[in-house]
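FYI, in my numbering the residues of the sequence shown are 113 to 1082.
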Amino acid sequence: MSNPIEAWKAEKHPLDAWDEIVAHASAATPAENIPPQDLERMKWHGFFHRRRESPGRFMNRIRVTANELSAEQGKEIALMAYEYGHGIIDITTRAGVQIQGLEINHLPRVEARLRKVGLTAKQTGHDNIRNIFGHPFSGLMPHELIDTRLLCREVDAIYLNSREYSDLPCRLNICFNGSEDHPVHLWTQDLSFLASRNADGEAGFQVLIAGTQGQEPRRAWHLPVFVYPDQVVAFTQSILDLFRLKGSREKRSRSRLRFLVETIGVDGVLEWLKVSLPFQLEPANSEPIPTAATEEWVGWFRQSDPGLWTMGLSVPLGRLSWRQVEGLAILSRKWGDGHLRTTHEQGIAVINIPTAFKSAAATDAAALGLSMHADEYDRNTMACTGRQFCDMAVTETKGHMLQLIDKLRKRALKLHGIRIHMSGCPCSCAQHFTADIGLKGVRVRRFPGTREGFDVFLGGGISGQVNLGLPYRLGVDVDQLPNLVEEITNEYYLRHKPGQTFSSFWRDRIQAEEAKRVGDTDYMPPTWVCDGCSHHHQGEDPPVYCPGCAGLRRLFARIEVTADSGKDAGGRQTMSSLQAAHHEQTNGFMMAAMLSDIPADAGLTVSLDGQHYALFRHDGGVRCIDGVCPHDRALLGDGGFCNGLVVCPGHNEAFDVCTGCDNQHPGERVRTYETRVENGRVLIRLRNQTPATQKVIRTGQRFSGTATTPGAKISTAPPGPPPAATAELTVVQIIDETPDVKTFQLDNSAERIPFDVPGKFARVCASIDGVDIWRSFTLSSSPVQPKLLELTIKRNPHGQMTNFLFDSVRIGQKLKIKGADGAYFFDPEIHPEPLVLVSAGIGITPMLAITRFIKQTGIRRQVLFLHGARTPVDIIRHDECLKLSKTDSWFHYSVWLTQPPSGWTGFTGRLGPVQVLSQVADPIGSRYFLCGPDRFMDDVRTALIEAGAASEKIHTERFHVYSAATIVAV
Ligand code: SF4
């Protein structure tokens, strides 16, 4: 039984629907009053209703057979886009052209105007043969084997206006290449003719058949025949007959030519050709080989007539304004012979420009905003129509791709020919399966709804032969794409073998792996808070205007978060900040963790508002109690957990996670908190606790940093690191370190803030607009001098806390401090190895603390101190370190500058894994402390591990601070 589409096609042949279109146009029938099948039939006439983003509007897809467009045709297209549409013209990935935004009453006029200039939009959609294109410069190239333009037109003549050949089981793609360099896209067409020579040196075509991108992509089969140019039309017609008569019309999902060839095999196709053709085909003497060279369509290309040139222009993502197209038409008449070519990479070229007119033509093109000097982003990216104008689309594409390009440009990432293609749905019109980095639009779940995202494919394109991309990450949030693209590109640059292509590198890496689905916990867009009205906004960037108070974008402050591994240095489970970043406050509930982060048989420690909480799975739900044992301050999340009881790792007393009661001392308890699990997120109600749970262990006694033993006695602090404490300390000095870094010296003469080992951090509290905000900063001073604490802090222009500290805090003022805390520290007792301290920017602060500590304690330890900064003025405490390197033989100090001034004698460039490894004499025997941007640390860490360093000897400093919540530091 045929599928429903076959049924309505049989009911009325779509070519017969034109009269009705004309009637609808003259009546200006609203699209909703046109039967859906009639809207579908319009695609046989080149008109596509855009019901989603612009209901009532139509797109017109115009054939540009063999890539040839005259100035007259270009001008007419431009004028129609201006007069009837949105003024936008898109060049497609089949070298066709689309006008967006037509209204129903315009359609007959568009058809007539196209016909008048020798164009047609017929059969450009649905079950038809799509635009047939060849090499964009066919007929112009000096070394072309076959000029395929006439062949394209002759094949067009087989099916245009034909009732039979416009009733295929599915769409069909045909293309030609008259040169001997065969690019990768030829392997994903239904029928590709690749110019070649036979054993006698005669020119003809090798044939690839039944390749597809789309839902079930497949590389084309090589048909082992050699087709002479004069056999092409009959050959094509025979293949069309085979498809038309034998292709599946039952299941739409099996209707592409590839499924027929899969069923009958290449031998079945050959058998059909043998029977149906009036001539015998010559066998092919070899298989076609893809070229690894990237096709270049942008720039000046000398034609076979050496006095003439083709000016290939970059059209970012294929979108042109009507003015540009009209201008190109005029330009081509003025400086060329009035002819243009479109490319299947969404570009355009002006041909036949005499040498003397080259610079004038280029100047005129530049005046239109078009250039031959496009950067590698404009050259190496493609995006299909996407949600803006395509009803099939799952996501927007051109807008997202422009933003992706913009962000990658700002990061100065070099593509070096790596191609990125973005399709808005599985149809893969942007050919994402044969790109180096293929992006397919999907919706991804992000609490509380869904967002646009992309499945990422790598390993497509040339890797020895043509390959289709393998899924690498599924469901990547659109805002996370810049990071991912940067990571995978840098990974290739860093680790590829000589001569290895990007595709080959990633193919080797991932072919044995299953693609990782990016969970809705793996990436949460950053949260921005409006200073004006506290409106929360999620996204990589703040909104242009605050939807709450219409405040300007600059009012938004980013809530600071970074990635973490989910475990602290001691292997303790902590809440991932990426998860925590998405904390939600609803009815007093605050997002605390992802359910998946809580182990079945252990606890999870999180810290919110500077307070620790322990989460446990119990009785099919989640229980939350105070995170710190009131008796000896051990973290209860670390304790053994069984049958609803957690055993304090410090003194082995058990607490009931439901009631909070101490099992041995029933009168005592820790607080319990109400929890809720929503969409995999665990929310804790921090306010409005029931009176019983608001009590601290001992009636009337607040827990404020002093440990208490169970029962009546107050204990002294247990052995081990001193507990963090909270105290108000006076600012005694503020030192300007660099233009945006200050050191705040705090009077801790009463040693109310215990500080035992260097590297730990302290939390600073600021009351801003009546809200207590906590932020963590590493102590840059040495614990040998615990009476004077130093916090060296860089101003974050968007950060509430640092702006407050820089602008409002004065000498003599008191600051509420909690600490010292953290699992990132140097302890000479347990870290006997030579030290390598690696930092970038403000990441230098723990390194200063460690260095000062070693200097002041006089312990014998070799220190290699490697630091990266921008300019000399950005190096914090450069003089101190330089001096030490001259006076103390155990201290070796090197700095890399990305913007070195003349006369700089140190290292230049960015400090990274290569530089670190080049300095470390004993990668295996050293202990490392890293601090800087996450990616910097991750790269260095990965390189060190690959060089043999044990991961437990590599300490990375990260803080996870957001708004009112502080996540346990790693
Ligand atoms: Fe539309 Fe999908 Fe094709 Fe993009 S890939 S143009 S979204 S059908």
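Glycine residues also receive a C-beta, built at the ideal position from the N, C-alpha and C atoms. Computed from a predicted model, the values in this text were never measured in an experiment.
The count of Cβ pairs closer than 8 Å, one atom from the stretch 1007–1020 and one from the stretch 980–991, reaches three, so the stretches are in contact. According to DSSP, Thr454 shares a beta bridge with Ile460. When distances are taken from the beta-carbon of Gly953 to the heavy atoms of the ligand SF4, even the shortest one reaches 6 Å or more.
Check the Cα spacing between Glu215 and each of Glu195, Leu226, Ile201: the tightest is with Glu195. Contact check for Gly326 and Ser540: beta-carbon distance about 5 Å, within the 8 Å limit, so the pair qualifies.
If you keep only unbroken beta strand (DSSP E) runs of at least 3 residues inside the stretch 354–434, you get 411–414, 420–425, 431–433. In this structure Lys363 touches Asn115 by the C-beta definition: roughly 7 Å separates them, less than 8 Å. In this structure, Met504 has its beta carbon less than 6 Å from a heavy atom of the ligand SF4. In chain order, Asp490 place their CB closer than 6 Å to the CB of Pro428, counting only its own chain and leaving out the 5 sequence neighbours on each side. Contact between the stretch 252–265 and the stretch 414–424 is established, with three or more Cβ pairs separated by less than 8 Å.
For a cut-off of 8 Å, the C-beta gap from Asn240 to Ser278 is around 5 Å, short enough to register as a contact. Between Thr204 and the set Asp709, Leu525, His533, Trp412, the nearest pair of CA atoms involves His533. Beta bridge pairing from DSSP links Asp859 with Thr842, Leu900. Under DSSP, Lys854 takes part in a beta bridge, and its partners are Asp848, Ile905.
Here the C-alpha atom of Asp939 lies approximately 13 Å from the C-alpha atom of Tyr1040.
Taking C-beta atoms under 8 Å as the contact rule, Gly450 and Ser274 fail to qualify, at a distance of about 31 Å. In this structure, Glu188 is the residue among Asp202, Gly199, Glu188, Gly208 with its C-alpha nearest to the C-alpha of Val222. With a threshold of 6 Å, the Cβ atom of Cys877 does not count as near the ligand SF4, since no heavy atom of the ligand is closer than that. Distance from the C-beta of Thr497 to the nearest heavy atom of the ligand SF4 is below 6 Å. In the DSSP assignment, Met913 is bridged to no other residue. Nearest neighbour of Thr300 by Cα position, chosen from Leu960, Gly572, Phe753, turns out to be Gly572. Secondary structure at Ile146: coil, using DSSP grouped into helix, strand and coil.
Using a cutoff of 6 Å, the CB of Gly197 does not count as near the ligand SF4, since none of the ligand's heavy atoms is closer than that. DSSP places Asp738 within a strand segment (E or B) once states are collapsed to three.
Look at the stretch 976–1036 and you find these whole runs of beta strand (DSSP E), each 3 residues long or longer: 1003–1009.
Taking a C-beta distance under 7 Å as the contact criterion, Leu798 and Gln857 do not qualify as a contact pair. Pairing Ala193 with Leu1023, the inter-Cα distance amounts to about 51 Å. DSSP places Glu180 inside the beta strand (DSSP E), whose first and last residues are 180–182.
The DSSP-derived three-state label of Tyr657 is strand. Every beta strand (DSSP E) of 3 residues or more that sits fully in the stretch 200–271 is shown, in chain order, as 200–203, 209–215. The continuous alpha helix (DSSP H) containing Asp1050 extends over residues 1046–1058.
The closest heavy atom of the ligand SF4 lies less than 6 Å from the beta carbon of Cys539. DSSP places Thr957 in the helix class (H, G or I) of the three-state scheme. Closest in alpha carbon position to Phe668, among Phe753, Tyr657, Gln650, Cys642, is Cys642. Scanning its chain for C-beta atoms nearer than 6 Å, with the 5 sequence neighbours on each side dropped, one finds around Phe347 the residues Val339, in chain order. The Cβ-Cβ distance between Gly1044 and Ala952 falls below 7 Å.
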